[in-house]
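A.B. asks: I'd like to ask you about the structure that follows.
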Amino acid sequence: MTIASERGIDIFHFDDLLTPRERALRDKVRAFCNEHVLPIINDYWERAEFPFELIPRIAELGIVGGTIQGYGCPGFTSVEVGLIAAELARGDGSVGTFVGVTSGLAMGAIAACGSEEQKQRWLPAMARLEKIGAFALTEPHVGSDAAHIRTTAKRVDGGYLLNGEKRWIGNATFADVIVVWAKDEETGRIGGFLVEKGTPGYQATKIEGKIAKRSVINADIKLDNVFVPEANRLPLARSFRDTANILKNTRYGVAWEAVGHAQAAYELALDYTLQREQFGRPIAGFQLVQQKLVQMLGDLTAIQLMAWRLSKLRDEDESQITEGMASLAKQYCAGKARQIVALGREVLGGNGILLDRHIARHFADIEAVYTYEGTNEINTLVVGREITGIAAFV
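Numbering (the numbering used here), first residue to last: 4 to 397.
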């Protein structure tokens with residue numbers, strides 16, 4: 004099954020806001036998902052396995068590296084990166100997260116905080132997906148309060164010893180380089196460290212039993228006197244502010260990811276209602292069904308335009324993007340997408356809980372999108388702090 008319906012989707016002519024290059028890039032990623040992802044992903048999702056066979060094909064798309072200039076990266080605009088994120092999520096959220104972790108978080112950290120030698124060593128190979136990255140910030144006991152992580156870095160002769168635990172780290176069981184965030188015992192500040200695959204003392208264990216993003220391999224990490232040479236410390240990661248900037252710069256992509264899930268749900272629901280007949284006619288002709296479709300389309304159009312506008316502002320001048328702007332886009336788009344996907348699943352009735360209709364996968368996966376890159380509550384309070392000048396949390 005492909006998600007092919009074009010009727011009643013672009014009601015406000017969103018396509019007209021895109022350049023020919025942006026439309027071509029979007030269509031290329033959409034075709035890839037329709038041809039290579041959708042036919043196989045449900046089986047992988049059900050087995051909670053990642054489709055490694057897709058990695059060479061993703062590499063061929065030339066999309067990894069996002070907005071990074073040089074080093075073999077595509078140097079896309081923020082709008083282009085957003086469209087890619089939306090199309091990958093429209094196909095499958097797990098595949099989109101795999102790309103986002105390497106391209107946005109891991110490569111973004113190296114590009115923003117790494118030395119020239121680190122950039123030359125890692126970024127070209129990661130852009131070709133010859134090397135895979137991971138980003139290890141969250142811990143078993145530290146989620147939203149990420150500024151107070153407990154993993155430590157102790158200076159020793161020639162480098163640092165890392166000790167601690169991380170949780171929910173995507174790609175961590177097979178990544179070639181893991182950007183680990185730890186508190187420097189000397190300075191008390193947060194720093195970034197490149198832990199290479201096979202380093203003694205590094206152990207990553209797959210988290211089992213997930214109901215969302217099942218094809219992404221998330222891991223628990225244990226760091227037991229992991230030695231990181233001085234050359235593998237990110238020199239420009241001097242405090243949690245640098246970590247937060249990386250997250251701010253990827254949060255707009257999560258807003259687009261929510262758009263992709265919502266678009267898939269709307270298209271699937273619209274197609275289904277036009278084909279499904281009850282009481283002698285398509286259920287699309289019933290008032291209550293049309294009400295749900297209209298609500299879905301209205302919310303989809305709103306979050307699509309919000310994500311696009313934030314990306315345009317970012318392309319005009321990245322420095323004007325505040326934490327509140329990024330958080331509002333993520334909070335609003337993910338929240339509305341969650342409602343859209345729920346309505347879409349509802350429209351499909353009993354068929355909506357079957358994987359072969361695809362929407363059940365989006366229904367589960369949007370829960371992860373709603374939660375990560377800042378929970379709905381934390382992002383709400385970040386925006387509240389910005390518009391009132393009063394912090395409701397420390």
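We put the beta carbon where it would ideally sit given N, CA and C, even for glycine.
1. Should F53 and S322 be called a contact, given that it needs their Cβ atoms to be closer than 7 Å?
2. Can you tell me where the alpha helix (DSSP H) holding N228 begins and where it ends?
3. Buried or exposed: P77, going by 16 or more other Cβ atoms within 10 Å of its Cβ?
4. Is it right to say D19 is buried, meaning 16 or more other beta carbons lie within 10 angstroms of its own, or is it exposed?
5. I need the straight-line Cα distance from I14 to N174, nearest angstrom please.
6. Does the structure place the segment 110 to 123 close enough to the segment 233 to 251 that three or more beta carbon pairs sit under 8 Å?
7. If I measure Cβ to Cβ from K315 and keep anything under 7 Å in the same chain, skipping five residues before and after, which residues do I get?
8. Would DSSP call I403 helix, strand or coil?
9. Which whole-angstrom value describes the C-beta separation of N45 and R364, a residue pair presumed to lie in contact below a C-beta threshold of 8 Å?
10. How many angstroms separate the CA atom of R254 from the CA atom of A329?
11. Check whether the segment 165 to 183 touches the segment 223 to 230, counting contact only when three or more Cβ pairs, one atom from each stretch, lie closer than 8 Å.
12. Going by C-alpha distance, which of R124, K157, V183, I381 is nearest T141?
13. Quick check: what's the CA-CA separation for V372 versus L165?
14. Pick helix, strand or coil for I390, following the three-state DSSP scheme.
15. Check this for me: beta carbons of N379 and Q307, under 7 Å apart or not?
16. Contact check, G96 vs H361 under 8 Å by CB: the rounded distance?
17. From A267 to F17, what does the alpha carbon distance come to, in whole angstroms?
18. Looking only at its chain, what residues have a beta carbon closer than 7 Å to the beta carbon of Q298, apart from the 5 residues adjacent to it on each side?
19. Would you say the segment 140 to 160 touches the segment 119 to 126, given that touching needs at least three Cβ pairs under 8 Å?
20. Mapping DSSP to helix, strand and coil, what is T253?
21. Taking only the alpha-carbon atoms, compute the straight-line gap between I393 and V385 and give it to the nearest angstrom.
22. Which of the three DSSP states is assigned to V102 in this structure?
23. Entirely within the segment 107 to 179 and at least 4 residues each: give me those alpha helix (DSSP H) ranges in chain order.
24. Between which residues of its own chain and R24 is the CB-CB distance below 8 Å, once the five residues before and five after are set aside?
25. Is it right to say S147 is buried, meaning 16 or more other beta carbons lie within 10 angstroms of its own, or is it exposed?
26. Among the residues of its own chain, which have a CB less than 7 Å from the CB of P232, if the five just before and after it don't count?
27. Identify whether Y74 lies in helix, strand or coil by the three-state DSSP scheme.
28. DSSP state of D18, grouped into three classes?
29. Please report the distance separating the alpha-carbon of P203 from that of D318.
30. Could you please give the first and the last residue of the uninterrupted alpha helix (DSSP H) stretch that includes Y378?
31. Please report the straight-line C-alpha distance between G85 and V102, rounded to a whole angstrom.
C.D. replies: Looking at the atomic coordinates:
1. As a working note, residue 53 is residue 50 in the sequence shown. As a working note, residue 322 is residue 319 in the sequence shown. Not a contact, by the Cβ cut-off of 7 Å.
2. As a first step, residue 228 is located in the sequence shown; it is residue number 225 there, counting from the start. Segment 221 to 232 is the beta strand (DSSP E) holding N228; no alpha helix (DSSP H) there.
3. Mapped onto the sequence shown, residue 77 falls at position 74. Answer is buried; the Cβ neighbour count reaches 16.
4. Locating residue 19 in the sequence shown gives position 16, counting from the first residue. D19 comes out exposed.
5. Taking the first residue of the sequence shown as 1, we reach residue 14 at position 11. Taking the first residue of the sequence shown as 1, we reach residue 174 at position 171. When rounded, the distance between both Cα atoms is 38 Å.
6. yes
7. In the sequence shown, residue 315 corresponds to position 312, counting from 1. Taken in chain order, the residues that qualify are V82.
8. In the structure displayed, the chain extends from 4 to 397; residue 403 sits before or after that span and is not available.
9. By one-based count along the sequence shown, residue 45 stands at place 42. By one-based count along the sequence shown, residue 364 stands at place 361. About 7 Å separates the two Cβ atoms, so the contact holds.
10. Sequence index remark: in the sequence shown, residue 254 carries index 251 (1-based). Sequence index remark: in the sequence shown, residue 329 carries index 326 (1-based). The straight-line gap from Cα to Cα measures roughly 6 Å.
11. yes
12. Your numbering for residue 141 matches position 138 in the sequence shown. Checking every option, the nearest Cα to that of T141 belongs to V183.
13. Here the question's residue 372 lines up with position 369 in the sequence shown. Here the question's residue 165 lines up with position 162 in the sequence shown. Cα-Cα distance, rounded: 30 Å.
14. The residue you call residue 390 lines up with position 387 of the sequence shown. Helix, per DSSP.
15. Residue mapping note: residue 379 aligns to position 376 of the sequence shown, counting from 1. Residue mapping note: residue 307 aligns to position 304 of the sequence shown, counting from 1. Not a contact, by the Cβ cut-off of 7 Å.
16. Translated into positions along the sequence shown, residue 96 becomes position 93. Translated into positions along the sequence shown, residue 361 becomes position 358. With a Cβ gap of about 11 Å, G96 and H361 do not count as contacting.
17. Along the sequence shown, read from residue 1 onward, the residue named residue 267 stands at position 264. Along the sequence shown, read from residue 1 onward, the residue named residue 17 stands at position 14. Going by the C-alpha atoms only, they are around 16 Å apart.
18. Within the sequence shown, residue 298 is the residue found at index 295, counting from 1. These residues qualify, in order along the chain: L346.
19. no
20. The residue you call residue 253 lines up with position 250 of the sequence shown. Three-state result, T253: helix.
21. Translated into positions along the sequence shown, residue 393 becomes position 390. Translated into positions along the sequence shown, residue 385 becomes position 382. Distance between the alpha carbons of I393 and V385: 10 Å.
22. Walking along the sequence shown from the start, residue 102 turns up at place 99. If DSSP states are grouped into helix, strand and coil, V102 belongs with the helices.
23. 110 to 116, 119 to 130
24. What you label residue 24 is simply residue 21 of the sequence shown in a count that begins at 1. Within the same chain, R24 has close Cβ partners E83.
25. Taking the sequence shown and counting its residues from 1, one reaches residue 147 at position 144. So S147 counts as exposed.
26. Translated into positions along the sequence shown, residue 232 becomes position 229. Around P232: G161, G162.
27. Numbered from 1 along the sequence shown, position 71 holds the residue referred to as residue 74. Coil.
28. Residue numbering aside, residue 18 sits at position 15 when the sequence shown is read from its first letter. The answer is helix: DSSP assigns D18 an H, G or I state.
29. Reading the sequence shown from its first residue, position 200 is the one you call residue 203. Reading the sequence shown from its first residue, position 315 is the one you call residue 318. C-alpha separation (whole angstroms): 42 Å.
30. Here the question's residue 378 lines up with position 375 in the sequence shown. Sequence inspection shows Thr at residue 378; the Tyr mentioned does not correspond to that position. Unbroken run through T378: none, as it is neither H nor E.
31. The count along the sequence shown starts at 1 and reaches residue 85 at position 82. The count along the sequence shown starts at 1 and reaches residue 102 at position 99. Spanning the two alpha carbons is a distance of roughly 12 Å.
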